[in-house]
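In the numbering used here, the protein residues as written are 10 to 374.
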């Protein structure tokens, strides 16, 4: 099955085999124009400031690929009330150079990541990708999480999927066949499933295992404006592959105190990946998720704004039952409940990020 994809137009489907509604068992891109340039990420010069402020002593080192990464220990006791928020002393504002436009003419690759689970990472990927694709941008979602919830949230029946992210990693030459269509013509998905669990063991002894995802994505990048990677909530080989393939990271964090711990761990990891594996990796933004109008939530949000500046993406994504409903129905929020708090917040975030990334089009209210 093939697709012809052109800027500002839909995908036109032609089939040699049985047709699956809203999806295709092997999407082949032809005659696609190069995407618009995308901005480079913001580089954190003092990442360890935040890390050392909220973490205890360094843990032992574990080897991931050709580089050594520190295994984080238990954090020191943290504040439990709004009045104690000030005890998280972030020593100085982080020095963040402005984003630079890219000249390579390929899709911008963004890893949506947080080593702490349950922060709305997959929900962010689904709804950000859908909002941007609905505006005409060409978006590819790559699901590196074995739960495979991106496919479910975008209406793809995983039982009918043959090639997954596992195939993309182990057989990069089959990358064009690993993409599946959604109900949004310019949004495609490389589906994750439980078979990803075995991938780390399969490539653990391979040289260059951190580059498997980069190799798989290489032939696809000219056909998209943006690639969003949903990462697993751990620091394993798959997560390192995502950071090595990415131009930048987008970090969803809950506006709760424990978010500071998870953010500190991630920024330390980003710094190590930049130093050893991917010097161009930047931080594109920190997105506040599951935000509630409580004093504690406001305190944490303001603390992050104070020390991260405009790296914090506005507005925060408010807690909203419509987001959970949309996922359970296999619909992005802009289709299920566009006027809900979740729908309006994701639309605003999509507009902010499309501008930040230098994409030529963005969702409109």
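Just so you know, even glycine gets a beta-carbon here, dropped at the ideal spot from N, CA and C.
Bear in mind the structure is a predicted one, so any value in this text is a computation, not a measurement.
With 16 other Cβ atoms within 10 Å as the buried cut-off, status of residue i
i, result
"residue 354", "buried"
"residue 366", "buried"
"residue 219", "buried"
"residue 293", "buried"
"residue 286", "buried"
"residue 152", "buried"
"residue 341", "buried"
"residue 325", "buried"
"residue 333", "exposed"
"residue 75", "Caution applies to residue 75, whose pLDDT of 42 falls short of 50 and renders its modelled position unreliable; the value that the coordinates give is listed next. Looking at its Cβ environment, which holds fewer than 16 other Cβ atoms inside 10 Å, residue 75 is exposed."
"residue 368", "buried"
"residue 214", "exposed"
"residue 352", "buried"
"residue 169", "exposed"
"residue 125", "buried"
"residue 270", "buried"
"residue 377", "As shown, the chain starts at 10 and ends at 374. That puts residue 377 outside it, with no answer to give."
"residue 306", "buried"
Where the alpha helix (DSSP H) through residue i begins and ends
i, result
"residue 133", "130-143"
"residue 121", "Where residue 121 is concerned, there is no enclosing alpha helix (DSSP H), although the beta strand (DSSP E) it sits in stretches over 117-121."
For residue i, the nearest candidate out of the options (CA to CA)
i, options, result
"residue 180", "228, 297, 368 and 163", "228"
"residue 237", "338, 154 and 337", "154"
"residue 302", "329, 247 and 254", "329"
"residue 383", "175, 231 and 126", "The chain is shown from 10 up to 374; residue 383 falls before or after that span and cannot be answered."
"residue 191", "312, 165, 118 and 278", "165"
"residue 217", "306, 262, 167 and 247", "247"
"residue 262", "311, 299 and 252", "299"
"residue 7", "115, 116 and 128", "Residue 7 is absent from the structure shown; the chain starts at 10 and stops at 374."
"residue 304", "260, 208, 206 and 264", "264"
"residue 356", "334, 327, 339 and 333", "327"
"residue 208", "289, 173 and 348", "173"
"residue 210", "245, 231, 177 and 184", "245"
"residue 212", "178, 308 and 226", "178"
"residue 136", "198, 343 and 309", "343"
Cβ-based neighbour list, residue i, same chain, cut-off 6 Å, excluding 5 preceding and 5 following
i, result
"residue 148", "138, 141, 142, 196 and 235"
"residue 336", "162"
"residue 118", "236, 254, 255 and 256"
"residue 318", "none"
"residue 313", "321"
"residue 272", "262"
Beta-carbon proximity list for residue i, same chain, < 8 Å, skipping 5 on both sides
i, result
"residue 224", "181"
"residue 167", "157, 160, 161, 200 and 202"
7 Å CB neighbourhood of residue i in its chain, flanking five on each side removed
i, result
"residue 251", "120, 122, 153, 222, 238 and 240"
"residue 193", "139, 142 and 143"
"residue 322", "294, 295, 296, 358, 361 and 362"
"residue 345", "331, 334, 335 and 338"
"residue 206", "155"
"residue 288", "none"
"residue 92", "Only weak support is given to the placement of residue 92: the predicted model assigns it a pLDDT of 39, under 50, and the question is left unresolved by the model."
"residue 233", "44, 116, 147, 148 and 149"
"residue 259", "119, 121, 293, 294 and 296"
Residue i, enclosing beta strand (DSSP E) - first and last residue
i, result
"residue 152", "148-152"
"residue 368", "From DSSP, residue 368 is part of no beta strand (DSSP E); its letter is neither H nor E."
"residue 188", "188-190"
Beta carbon proximity, residue i to chain B, threshold 7 Å
i, result
"residue 345", "Here there is only one protein chain, and chain B is not present."
Original post:
What are the uninterrupted segments assigned as beta strand (DSSP E) that are 3 or more residues long and contained completely in the stretch 201-269, given in chain order?
Top reply: 235-239 and 257-263
Original post:
What runs of the beta strand (DSSP E), each 3 residues or longer, lie entirely inside the stretch 271-299?
Top reply: 291-298
Original post:
Of all the alpha helix (DSSP H) runs that stay within the bounds of the stretch 159-186, which reach a length of 4 or more residues?
Top reply: 174-179
**OP:** Pick out the complete alpha helix (DSSP H) segments inside the stretch 307-353, 4 residues or longer, and give them in chain order.
**Re:** 330-337 and 342-345
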